[in-house]
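Engineer:
Residue numbers (the working numbering), protein chains in the order written: chain A, 3 to 220; chain B, 3 to 220.
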């Protein structure tokens, strides 16, 4: 596989702790694909807003969706925005207070969302969301009606202008602190899955994907 | 305890699925205190930005910190911003594709950050961060030097203008779909802690807080 990396733009070039930055497409896709939601920053006449919403990737675009009536979805098509995904992996314990840090994987994407107007593409995008959430479930649910699709806006943003910043591993202490006697290392967070909970009104057997859920790591 | 709730402002009043909204202070504090990081939306001459950063709460303020050289920290003191925290708790599986949803706890805070200039307050704020990350560790690390404090900016934002939106429980299906035979329920995410990992250069015994880390839920 050929590694793909786009050069950073003036607004994606990481300046703080730049040695943690990456512009590799594979690093971006790994962070996006591990996420179920993103945070989107946009600006309107009331100021800046930071909204969490479900997201998924199809090839070189990140997708979101919502009601046609959403103020956010309208506004996102009118100007550039910033989409950020962050996974927190651990607390890093150093010898000095100020060298404590966190391990994380984060991605920022800049650009403008566009509406997926073509009906076929809209259906394919919604199918891809279901397939991401619960692979294999799509064939068993009641599919979307024409009315439901008509009331739903699907937007996508190109994964072209982005920066990845991530940290892993133990602390980096100052040389003068190495003799200070305190435990150093990482306290990890886990991103796990609990046992599937059947709804009170459920009448069906637990399907394999739900039975397997609590036994896999997310 | 008296329940405290502030009335929503024009920009914090939740319009989409408003029945999931809350303006209770206790709900806000629970979401903030369960978080190690927030996403901050702000705007400058390059557009909107969404930056993840560590956060902690002291009484009625949310705190962040960073290098004096940070463009973001400078800009955050110049105009209103939006701070958002989101915890994703599960996938909710309904009978129809479009009634699938997620369970989550989210909080949005609007306002302007102010610099914590008083040295005593700056020290207390940084101590509170360490105490949040690893209770009991502060006394054992090498404390901050005058130079380190001088190079660090601590900002805080009042937790006064906010909205909480959260969902829990099973799916809400359309009445017409109730006879559709498919398993319904929730696939939960867990927010866990892994076993502490000692650094390769560590020379000290595992302290109680690190030994207990992997055995508690985060």
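From the three backbone atoms N, C-alpha and C, an ideal C-beta is built for every residue, glycine too.
1. Only counting the same chain, and skipping five residues up and downstream in sequence, which positions put a Cβ closer than 8 Å to that of residue 128 of chain A?
2. Buried or exposed for residue 4 of chain B, please, with buried defined as at least 16 other CB atoms from any protein chain shown within 10 angstroms of its CB.
3. Looking at the unbroken alpha helix (DSSP H) that takes in residue 133 of chain A, where does it start and where does it end?
4. Check residue 4 of chain A in the structure and name its three-state DSSP category.
5. Does the count of Cβ pairs from the segment 155 to 172 of chain B and the segment 100 to 112 of chain B closer than 8 Å reach three?
6. How would you label residue 17 of chain A, buried or exposed, when you count the other beta carbons within 10 angstroms and need 16 or more for buried?
7. Considering Cα atoms alone, identify which of A/78, A/98, A/81 and A/72 is closest to residue 181 of chain A.
8. Please classify residue 101 of chain A: does DSSP put it in a helix, a strand, or coil?
9. Using a Cβ cut-off of 7 Å, pull out every chain B residue sitting near residue 98 of chain A, in sequence order please.
10. Does the beta carbon of residue 14 of chain B come closer than 7 Å to any beta carbon on chain A?
11. Taking any Cβ of chain A, which residues in the segment 12 to 36 of chain B have a Cβ under 8 Å from it, in chain order?
12. Since residue 43 of chain B meets chain A, which of its residues come closer than 7 Å, beta carbon to beta carbon?
13. Cα separation between residue 78 of chain A and residue 142 of chain B?
14. Nearest chain B C-beta to residue 185 of chain A closer than 7 Å, yes or no?
15. Closer than 7 Å by C-beta to residue 38 of chain A: which residues in its own chain qualify, once you throw out the five before and the five after it? Chain order, please.
16. Please list, in chain order, the residues of the segment 189 to 211 of chain B that have any C-beta partner in chain A closer than 9 Å.
17. Which same chain residues end up closer than 7 Å to residue 130 of chain B when comparing Cβ atoms and leaving out the 5 residues on each side of it in sequence?
18. To which residues of the same chain is residue 185 of chain A closer than 8 Å at the C-beta, ignoring the five residues directly before and after it?
19. Along the chain, which unbroken stretches of the alpha helix (DSSP H) at least 4 residues long are found entirely within the segment 144 to 170 of chain A?
20. Go through its chain and collect everything with a Cβ distance to residue 175 of chain B's Cβ below 6 Å, but skip five positions before and after it.
21. Just the Cα atoms here: how many angstroms apart are residue 14 of chain A and residue 24 of chain A?
22. Tell me whether the beta-carbon of residue 160 of chain A lies closer than 7 Å to the beta-carbon of residue 196 of chain A.
23. Would the beta-carbon of residue 20 of chain B fall within 7 Å of that of residue 84 of chain B?
24. Whose C-beta lies closer than 7 Å to the C-beta of residue 124 of chain B among residues of the same chain, with five residues either side of it excluded?
25. Identify which residue in A/135, A/202 and A/216 has its Cα closest to the Cα of residue 193 of chain B.
26. To the nearest angstrom, report how far apart residue 51 of chain A and residue 93 of chain B are at their CA atoms.
27. Residue 39 of chain A lies in the alpha helix (DSSP H); which residues open and close that run?
28. With a threshold of 7 Å between beta carbons, is residue 172 of chain A in contact with chain B?
29. Starting from residue 25 of chain B, follow the alpha helix (DSSP H) in both directions and report where the run begins and ends.
30. If we cut at 7 Å on Cβ distances, does residue 90 of chain B have a partner in chain A?
31. Between which residues of its own chain and residue 189 of chain A is the CB-CB distance below 7 Å, once the five residues before and five after are set aside?
Structural biologist: Put simply:
1. Indexing the first chain from 1 puts residue 128 of chain A at position 126. Taken in chain order, the residues that qualify are 67, 146, 151, 154 and 156.
2. Residue mapping note: residue 4 of chain B aligns to position 2 of the second chain, counting from 1. A caution first: residue 4 of chain B carries a pLDDT of 49, below 50, which makes its placement in the model too unreliable to give a value.
3. Translated into positions along the first chain, residue 133 of chain A becomes position 131. Taken as a continuous stretch (DSSP letters only), the alpha helix (DSSP H) holding residue 133 of chain A covers 121 to 135.
4. One-based indexing of the first chain puts residue 4 of chain A at position 2. In this prediction, residue 4 of chain A scores a pLDDT of 49, lower than 50, which makes its location untrustworthy; no coordinate-derived value is stated.
5. Touching, per the Cβ criterion.
6. To locate residue 17 of chain A, count along the first chain from 1; it is residue 15. With fewer than 16 other Cβ atoms within 10 Å, it is exposed.
7. Locating residue 181 of chain A in the first chain gives position 179, where the first residue counts as 1. Comparing Cα-Cα distances from residue 181 of chain A to each of A/78, A/98, A/81 and A/72, the minimum goes to A/98.
8. Here residue 101 of chain A corresponds to residue number 99 of the first chain, with the count starting at 1. Residue 101 of chain A: helix per DSSP, three-state reduction.
9. For the purposes of this step, residue 98 of chain A is identified with residue 96 of the first chain, where counting begins at 1. Listed by position along chain B, the residues whose Cβ is nearer than 7 Å to that of residue 98 of chain A are 143 and 144.
10. The residue given as residue 14 of chain B occupies position 12 in the second chain. Judged by the 7 Å Cβ criterion, residue 14 of chain B is not in contact with chain A.
11. 12, 13, 17 and 18
12. The count along the second chain starts at 1 and reaches residue 43 of chain B at position 41. Here the neighbours are 43, 50, 51 and 52.
13. For the purposes of this step, residue 78 of chain A is taken as residue 76 along the first chain, with counting starting at 1. For the purposes of this step, residue 142 of chain B is taken as residue 140 along the second chain, with counting starting at 1. About 48 Å.
14. Along the first chain, one-based indexing puts residue 185 of chain A at 183. For residue 185 of chain A, the answer is yes, since a Cβ of chain B falls inside 7 Å of its Cβ.
15. For this step, residue 38 of chain A is matched to residue 36 along the first chain. Excluding five sequence positions before and after residue 38 of chain A, the CB atoms of its chain that fall closer than 7 Å to its own CB belong to 56, given in chain order.
16. Hits within the stretch, in order: 189, 190, 191, 192, 193, 194, 195, 196, 197, 198, 199, 200, 201, 202, 203, 204, 205, 206, 207, 208, 209 and 211.
17. Taking the second chain and counting its residues from 1, one reaches residue 130 of chain B at position 128. Result list for residue 130 of chain B: 58 and 60, in chain order.
18. For the purposes of this step, residue 185 of chain A is identified with residue 183 of the first chain, where counting begins at 1. The residues are 95.
19. 148 to 152
20. The residue you call residue 175 of chain B lines up with position 173 of the second chain. 96, 97 and 101.
21. Walking along the first chain from the start, residue 14 of chain A turns up at place 12. Walking along the first chain from the start, residue 24 of chain A turns up at place 22. The straight-line gap from Cα to Cα measures roughly 10 Å.
22. Start at 1 with the first residue of the first chain, and residue 160 of chain A comes out as number 158. Start at 1 with the first residue of the first chain, and residue 196 of chain A comes out as number 194. No.
23. In the second chain, counting from the first residue as 1, residue 20 of chain B sits at position 18. In the second chain, counting from the first residue as 1, residue 84 of chain B sits at position 82. No. Outside cutoff.
24. Looking up residue 124 of chain B in the second chain gives position 122. Once the five neighbours on either side are set aside, the close Cβ partners of residue 124 of chain B are 118, 151 and 156.
25. Counting from one through the second chain, the residue named residue 193 of chain B turns up at place 191. It is A/216 whose Cα lies nearest to the Cα of residue 193 of chain B.
26. Within the first chain, the letter at position 49 stands for residue 51 of chain A. Within the second chain, the letter at position 91 stands for residue 93 of chain B. So the alpha carbons of these two residues sit roughly 25 Å apart.
27. Locating residue 39 of chain A in the first chain gives position 37, where the first residue counts as 1. Residue 39 of chain A -> not in any alpha helix (DSSP H); beta strand (DSSP E) instead, spanning 39 to 46.
28. Taking the first chain and counting its residues from 1, one reaches residue 172 of chain A at position 170. Output row for residue 172 of chain A: interface = yes.
29. Position 23 of the second chain, counting from 1, holds the residue named residue 25 of chain B. Looking at the DSSP string, residue 25 of chain B is not in any alpha helix (DSSP H), and its letter there is neither H nor E.
30. Counted from its first residue, the second chain places residue 90 of chain B at position 88. By this cut-off, residue 90 of chain B is an interface position.
31. Counting from 1 along the first chain, the entry for residue 189 of chain A is found at position 187. Cβ neighbours of residue 189 of chain A beyond the five flanking positions: 92, 93 and 95.
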